[in-house]
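Undergrad: Dumping the structure here so I can ask a few things about it.
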């Protein structure tokens, strides 16, 4: 619905007789930069433009929500919804926590670098202007809180006071101590990182915050500040194009790979795979994978998971009679119901009488680009750990996970 050579394209196609009936022309979605529009309209437009390619039915996103701007906000299923793939040590985390952007995993993922950054595909540049738009929209939903003294304040005014306190601290040692204390908390780190993009912050204080953030021992904190560094000082990650042959020549550490698999908040293999008693048996059990696949085959399964799919784990798409589309792996089937498991590990039972259509998909439920946010050394460590798994025979699990 745009002009081409001074004529509207739909008008031209209509004039040429391609359409029997008039073509509907819905208004274009608002520009995220159009300040005459509401915060909600601009923010939802931003999410639709940047995130809905994957976060929609069959889009490849593994979370159970969508950014379809044509649906009512409640049907997007992300407001006040608990995150399915990690909280990043945010207490009472939500995908979007109404009134509290710093408890919203969506904001954290958009602001961080490296593994877990969203959008996963396309540009790796952190869009600070877009993130501030999301922050302001989430904050506008509801932000009143009660202080210990019984006074009502807002999350926005509370953070304004804390930034003002930082500005008034006299002495670099006191400032460093205050920043170190604040950066023990992921929500505080999100707020401080966004504060660094505030033009009213002095260059000296901005650099002190960034330096303290970069020196933090926790990657989930450090990744929030990396994008302020010059390009040449940032961590070199694999990105979307991986040189598999070069990666296979690296010697990884199984011990470090185990830490990635079992503990890393932004590595979600254990949501669907189990090694020993760690993880969930949605996809194949990996406890003996080192006896079944070579390092090259393991790498292929991580980089291109849809290239070879075991028939037992093929993704099915189920269309219900009321029009709902459900995608997952079948773990149980009877004459009365079908039990599917999403990529997040959550199960869904569907009555057979409610099913209109079932069809297999050629795309694996396992997301692509799992290694793009890792360094080459981290990917080599994960490969080394998987290759070291030599368990023979069925496992006996004594612990529910």
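In the working numbering, the protein residues as written are 325 to 725.
Heads up, the beta-carbon is just placed ideally off N, CA and C, and yes, glycines get one too.
To test your reading of the DSSP string, which unbroken beta strand (DSSP E) runs of 3 or more residues are found completely within the region 591 to 665?
TA: Complete beta strand (DSSP E) runs here, min 3: 640 to 644, 649 to 657 and 661 to 665.
Undergrad: Looking only at C-alpha atoms, which of 511, 504, 327 and 714 sits nearest to residue 418?
TA: Comparing Cα-Cα distances from residue 418 to each of 511, 504, 327 and 714, the minimum goes to 511.
Undergrad: Please work out which residues of its chain come closer than 7 Å, Cβ to Cβ, to residue 500, disregarding the five sequence neighbours upstream and downstream, and give them in chain order.
TA: Hits under 7 Å: 536.
Undergrad: Can you list, in chain order, the residues of its chain with a C-beta nearer than 8 Å to that of residue 611? Leave out the 5 residues immediately preceding and following it.
TA: Excluding positions up to five away in sequence, the list reads 598, 599, 600, 713, 715 and 719.
Undergrad: Figure out for me which residue from 673, 700, 514 and 333 has the closest Cα to the Cα of residue 545.
TA: Nearest option by C-alpha distance: 514.
Undergrad: In whole angstroms, what separates the C-alpha of residue 571 from that of residue 620?
TA: Cα-Cα distance, rounded: 10 Å.
Undergrad: Quick one: what does DSSP say residue 511 is sitting in, helix, strand or coil?
TA: Here residue 511 sits in helix by DSSP.
Undergrad: Tell me whether residue 561 sits in a helix, a strand or coil according to DSSP, three-state version.
TA: Coil.
Undergrad: Kindly list the residues whose CB is nearer than 6 Å to the CB of residue 506, restricted to its own chain and excluding five residues on each side of it in sequence; keep chain order.
TA: Closer than 6 Å at the Cβ level, and outside the excluded window around residue 506, lie 512.
Undergrad: Would residue 371 be called buried (16 or more neighbouring beta carbons within 10 Å of its own) or exposed?
TA: With 16 or more other Cβ atoms within 10 Å, it is buried.
Undergrad: Going by DSSP in three states, residue 489 sits in which element: helix, strand or coil?
TA: Note: residue 489 maps to helix in three-state DSSP.
Undergrad: By the three-class DSSP mapping on this structure, what secondary structure does residue 328 have?
TA: Strand.
Undergrad: With residue 679 as the anchor, note down where its beta strand (DSSP E) starts and where it stops.
TA: That run of the beta strand (DSSP E) goes 679 to 684.
Undergrad: Report back the beta-carbon spacing between residue 439 and residue 591 to the nearest angstrom; my notes put them in contact at under 8 Å.
TA: 6 Å between Cβ atoms; contact.
Undergrad: How long is the line joining the alpha carbons of residue 482 and residue 517, rounded to whole angstroms?
TA: Whole-angstrom Cα-Cα distance: 16 Å.
Undergrad: Quick check on the DSSP output: the beta strand (DSSP E) that includes residue 672 runs from which residue to which?
TA: Residues 671 to 675.
Undergrad: Relative to the C-alpha of residue 362, which residue among 622, 461, 421 and 550 is closest?
TA: The residue with the shortest Cα to Cα distance from residue 362 is 461.
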